[in-house]
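Residue numbers (our numbering): 56 to 656. The beta carbon of each residue, even a glycine, is placed where N, CA and C say it ideally should be.
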């Protein structure tokens with residue numbers, strides 16, 4: 056098998072803005088068909104790299120060489136589309152792929168036939184993003200640059216986009232804060248950090264493991280060299296004055312000079328968020344009876360019945376605009392219900408975080424003062440400083456005034472305020488926005504083990520999967536508790552989304568055949584089957600990986616049981632049962648997917 060063709064290559068790349076160096080002597084290449092996740096701290100230069108690759112900016116030094124006639128498609132946040140034009144006119148004007156094929160994909164993204172005749176200005180931000188994705192795909196690029204493509208996409212649309220990218224033959228570079236999206240769609244990682252690029256052939260999780268192991272090797276090597284230096288220096292100091300040892304001393308000093316220096320790249324500090332113990336309450340936390348919610352005369356949700364008890368972690372899910380944020384605002388006391396009523400249990404205080412909350416911060420406070428401002432009296436100064444550090448604020452940053460912080464930094468301060476309140480019930484609307492991977496992981500661990508009650512809305516699937524114990528689905532103006540876990544909810548949508556996509560493609564192909572006198576039907580079906588097979592195989596591999604993880608966890612737990620006593624044994628047995636249930640569900644899902652695969656093969 057021959058080597059993949061190189062699409063583009065950067066050599067000795069250098070880019071700076073004033074005193075800040077983004078890249079220095081940077082080198083990497085992008086090959087045909089590679090699905091690359093571009094990661095790095097905020098401000099490291101990810102979006103700058105995209106602008107350089109499409110020619111909007113230049114390197115200060117170095118070169119980028121592209122293959123002849125390389126077509127690059129760039130999904131950016133701003134665009135210059137004529138918003139008075141209907142979608143189908145814009146697609147026909149700019150795209151290489153036939154309109155009927157794009158409409159089929161568009162239906163999977165939630166754009167029905169009627170949508171294509173409407174002007175772009177009539178669509179919300181979320182639907183404009185879907186059109187931009189469709190427009191980009193329509194240009195048939197060999198390399199796609201995707202800058203946060205999951206912004207504004209609800210879960211169902213995101214799953215369709217995922218399936219498209221998994222089976223995409225073209226190469227792409229993807230910037231995303233959605234870890235699960237990166238895990239599922241990419242097979243390479245390109246990290247920009249401290250002025251350099253590191254490219255890794257493998258998944259995001261494998262890369263972080265590799266990075267940790269390389270750092271550990273560097274630390275051991277540095278420690279070994281430091282020990283050698285100390286030993287040689289000790290010998291030289293001891294015998295320097297003795298004429299009989301002069302030659303040996305000189306030899307050892309030369310040896311000291313030849314010892315290399317080891318530059319250790321500092322890994323991001325592993326954040327650990329410690330949540331203060333919530334205030335005690337009774338068992339019943341929340342009771343909602345026949346709530347009707349909305350704004351003024353506009354009804355968003357009707358007949359909402361819900362019960363929450365202490366310790367439940369509720370994930371609220373549904374398409375964009377379904378009413379998730381409306382429900383959270385009502386429960387937080389910001390919006391009054393239109394009908395019905397809800398009641399918090401005795402002694403239940405509520406902490407509420409949403410994207411608008413940072414606007415209420417005192418701009419003259421320092422970061423530390425702002426965190427203290429709403430903290431429970433039992434919270435200590437050390438608790439506040441630990442929280443600041445966990446949310447990426449250094450000792451120096453703690454003294455900065457809120458008014459000079461960026462929007463993302465203000466959001467992190469507001470999040471810290473909520474976490475320090477010791478509220479028995481915390482309500483979060485998109486809490487992981489503006490957080491890097493390591494801080495999201497720390498927040499996930501903290502909330503997963505939180506003994507209080509949580510109500511969460513988030514687009515981060517890994518976060519919801521690990522933190523929630525109960526799911527409330529909002530659909531068609533109603534809210535119902537979903538009879539299963541969040542992962543089961545996602546699986547049900549994945550199966551439904553693929554079925555919808557197949558129907559859409561079949562309808563488009565039938566329409567195309569009627570209008571053109573009939574293409575090669577067997578060829579079209581063969582292509583459709585091939586796409587379905589690839590997606591099913593990818594899903595089966597993912598399920599098998601999860602099954603292996605569960606089996607390993609069960610094996611480890613059996614080994615631990617030998618050494619446990621009393622209540623520890625009971626807890627371990629409860630864990631074992633949960634693992635066995637999960638294993639059974641995975642096996643059933645695996646069998647279903649295998650049966651579907653056999654039908655297509």
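Bridge partner(s) assigned by DSSP for residue 648: By one-based count along the chain shown, residue 648 stands at place 593. Paired residue(s): none; residue 648 is not in a bridge.
At what residues does the beta strand (DSSP E) containing residue 152 begin and finish? Taking the chain shown and counting its residues from 1, the one referred to as residue 152 is at position 97. It is not in any beta strand (DSSP E) - residue 152 carries neither H nor E in the DSSP assignment.
Buried or exposed: which applies to residue 413, given that a residue is buried once 16 or more other Cβ atoms fall within 10 Å of its Cβ? For the purposes of this step, residue 413 is identified with residue 358 of the chain shown, where counting begins at 1. The residue in question, residue 413, is buried, as its Cβ has 16 or more Cβ neighbours within 10 Å.
Cβ-based neighbour list, residue 601, same chain, cut-off 7 Å, excluding 5 preceding and 5 following: Looking up residue 601 in the chain shown gives position 546. Excluding residues within five positions, the ones whose Cβ falls inside 7 Å are 641.
Tell me the DSSP secondary structure of residue 458 in three-state form. For the purposes of this step, residue 458 is taken as the residue at position 403 of the chain shown. Residue 458: helix per DSSP, three-state reduction.
Confirm, please, whether the CB-CB distance from residue 593 to residue 328 is below 8 Å. Stepping through the chain shown from its first residue, residue 328 is reached at position 273. Stepping through the chain shown from its first residue, residue 593 is reached at position 538. When the beta-carbon positions are compared, residue 328 and residue 593 stay at least 8 Å from each other.
Test item: CB-CB of residue 478 and residue 359 under 8 Å: Start at 1 with the first residue of the chain shown, and residue 478 comes out as number 423. Start at 1 with the first residue of the chain shown, and residue 359 comes out as number 304. Cβ distance not < 8 Å, so residue 478 and residue 359 don't count as in contact.
Between which residues of its own chain and residue 368 is the CB-CB distance below 6 Å, once the five residues before and five after are set aside? In the chain shown, counting from the first residue as 1, residue 368 sits at position 313. For residue 368, where only same-chain residues beyond five positions count, the Cβ hits under 6 Å are 509, 522, 523 and 524.
Can you find the residues in the same chain that come closer than 8 Å, C-beta to C-beta, to residue 85, ignoring five residues on each side of it along the sequence? Mapped onto the chain shown, residue 85 falls at position 30. Taking C-beta separations shorter than 8 Å and ignoring five residues to either side along the sequence, the partners of residue 85 in its chain run 61, 62, 63, 64, 91, 198, 226 and 228, following chain order.
Report the residue from 589, 597, 441 and 638 whose alpha carbon sits nearest the alpha carbon of residue 610. Position 555 of the chain shown, counted from the first residue, corresponds to residue 610. Considering only alpha carbons, the answer is 638.
Tell me which same chain residues have a C-beta within less than 8 Å of the C-beta of residue 380, skipping the five on either side of it? Within the chain shown, the letter at position 325 stands for residue 380. Taking C-beta separations shorter than 8 Å and ignoring five residues to either side along the sequence, the partners of residue 380 in its chain run 409, 484 and 512, following chain order.
Spatial distance of residue 210 from residue 444 (CA atoms): The residue you call residue 210 lines up with position 155 of the chain shown. The residue you call residue 444 lines up with position 389 of the chain shown. In this structure, the CA atom of residue 210 is about 32 Å from the CA atom of residue 444.
I need the DSSP call for residue 63, collapsed to helix, strand or coil. Against the chain shown, residue 63 aligns to sequence position 8. In this structure, residue 63 counts as strand in the three-state DSSP scheme.
Please list the terminal residues of the continuous beta strand (DSSP E) segment that includes residue 365. Mapped onto the chain shown, residue 365 falls at position 310. Residue 365 -> no beta strand (DSSP E), and no H or E assigned at all.
Quick check on the burial criterion: 16 or more other C-beta atoms within 10 angstroms. Buried or exposed for residue 212? Walking along the chain shown from the start, residue 212 turns up at place 157. The residue in question, residue 212, is buried, as its Cβ has 16 or more Cβ neighbours within 10 Å.
Can you confirm whether the segment 242-252 touches the segment 99-114 when touching is taken to mean that 3 or more C-beta pairs between the two stretches lie within less than 8 Å? Contact between the segment 99-114 and the segment 242-252 is present, because at least three Cβ pairs lie under 8 Å.
Would you give the residue range spanned by the beta strand (DSSP E) that residue 84 belongs to? On the chain shown, residue 84 is found 29 positions in, with the first residue counted as 1. Note, residue 84: beta strand (DSSP E), 75-86.
Quick one: is residue 125 buried, meaning 16 or more other Cβ sit within 10 Å of its Cβ, or exposed? Looking up residue 125 in the chain shown gives position 70. It is exposed - the Cβ of residue 125 has fewer than 16 other Cβ atoms within 10 Å.
Spatial distance of residue 577 from residue 164 (CA atoms): The residue you call residue 577 lines up with position 522 of the chain shown. The residue you call residue 164 lines up with position 109 of the chain shown. Legend: pLDDT at residue 577 = 48, less than 50; position of this residue unreliable, no value from coordinates given.
Using a Cβ-Cβ cut-off of 6 Å (strictly less than) and excluding sequence neighbours within five positions of residue 454, which residues of its own chain qualify? Numbered from 1 along the chain shown, position 399 holds the residue referred to as residue 454. Answer for residue 454: 421, listed in chain order.
Work out the CA separation of residue 401 and residue 440 for me, nearest whole Å. As a working mapping, residue 440 is identified with position 385 in the chain shown. As a working mapping, residue 401 is identified with position 346 in the chain shown. Taking the straight line joining both Cα atoms gives about 32 Å.
Assign residue 257 to buried or exposed, taking buried as 16 or more other Cβ atoms, counted over all protein chains shown, within 10 Å of its Cβ. Start at 1 with the first residue of the chain shown, and residue 257 comes out as number 202. Answer is exposed; the Cβ neighbour count stays below 16.
Rounded to whole angstroms, what is the Cα-Cα separation between residue 355 and residue 171? Indexing the chain shown from 1 puts residue 355 at position 300. Indexing the chain shown from 1 puts residue 171 at position 116. Looking at the backbone, the Cα of residue 355 and that of residue 171 are separated by about 26 Å.
Spatial distance of residue 71 from residue 100 (CA atoms): Indexing the chain shown from 1 puts residue 71 at position 16. Indexing the chain shown from 1 puts residue 100 at position 45. Rounded to whole angstroms, residue 71 and residue 100 show a C-alpha spacing of 10 Å.
Can you list, in chain order, the residues of its chain with a C-beta nearer than 6 Å to that of residue 403? Leave out the 5 residues immediately preceding and following it. Here residue 403 refers to the residue found at position 348 when the chain shown is read from its first residue. Cβ within range, chain order: 336, 340, 479 and 480.
Measuring straight from C-alpha to C-alpha, what distance separates residue 338 and residue 128? Within the chain shown, residue 338 is the residue found at index 283, counting from 1. Within the chain shown, residue 128 is the residue found at index 73, counting from 1. Near 54 Å, if we compare the C-alpha coordinates of residue 128 and residue 338.
Within the segment 337-419, ranges of the alpha helix (DSSP H) (whole runs, at least 4 residues): Listed in chain order, they are 379-386.
According to DSSP, is residue 121 part of a helix, a strand, or is it coil? The sequence position of residue 121 within the chain shown is 66, counting from 1. Judged by DSSP in its simplified three-state form, residue 121 adopts strand.
Just to confirm, are residue 142 and residue 186 a CB contact at a threshold of 8 Å? As a working note, residue 142 is residue 87 in the chain shown. As a working note, residue 186 is residue 131 in the chain shown. It is a contact, given that the beta carbons lie within the stated cut-off.
Pairwise C-alpha distance: residue 287 and residue 236: Within the chain shown, the letter at position 181 stands for residue 236. Within the chain shown, the letter at position 232 stands for residue 287. Roughly 52 Å separates the two Cα atoms.
Given residue 389 as reference, the closest of 363, 74 and 411 once Cα atoms are compared: One-based indexing of the chain shown puts residue 389 at position 334. The shortest CA-to-CA distance from residue 389 to any of 363, 74 and 411 is the one to 411.
Going by DSSP, what residues sit across from residue 254 in a beta bridge? As a position in the chain shown, residue 254 is number 199, starting the count at 1. Paired residues: 245.
Need the endpoints of the alpha helix (DSSP H) that residue 498 sits in, please. Counting from 1 along the chain shown, the entry for residue 498 is found at position 443. Unbroken alpha helix (DSSP H) run through residue 498: 492-503.
Tell me the DSSP bridge mates of residue 93? Numbered from 1 along the chain shown, position 38 holds the residue referred to as residue 93. Partner residues in the beta bridge of residue 93, as assigned by DSSP, are 245.
Write down the C-beta distance between residue 200 and residue 109 rounded to the nearest angstrom, noting that I regard them as a contact closer than 8 Å. Taking the chain shown and counting its residues from 1, one reaches residue 200 at position 145. Taking the chain shown and counting its residues from 1, one reaches residue 109 at position 54. About 7 Å separates the beta carbon of residue 200 from that of residue 109, a gap short enough to meet the 8 Å contact definition.
Give the range of the beta strand (DSSP E) segment to which residue 236 is assigned. Position 181 of the chain shown, counted from the first residue, corresponds to residue 236. Note, residue 236: premise wrong, no beta strand (DSSP E); alpha helix (DSSP H) at 234-240.
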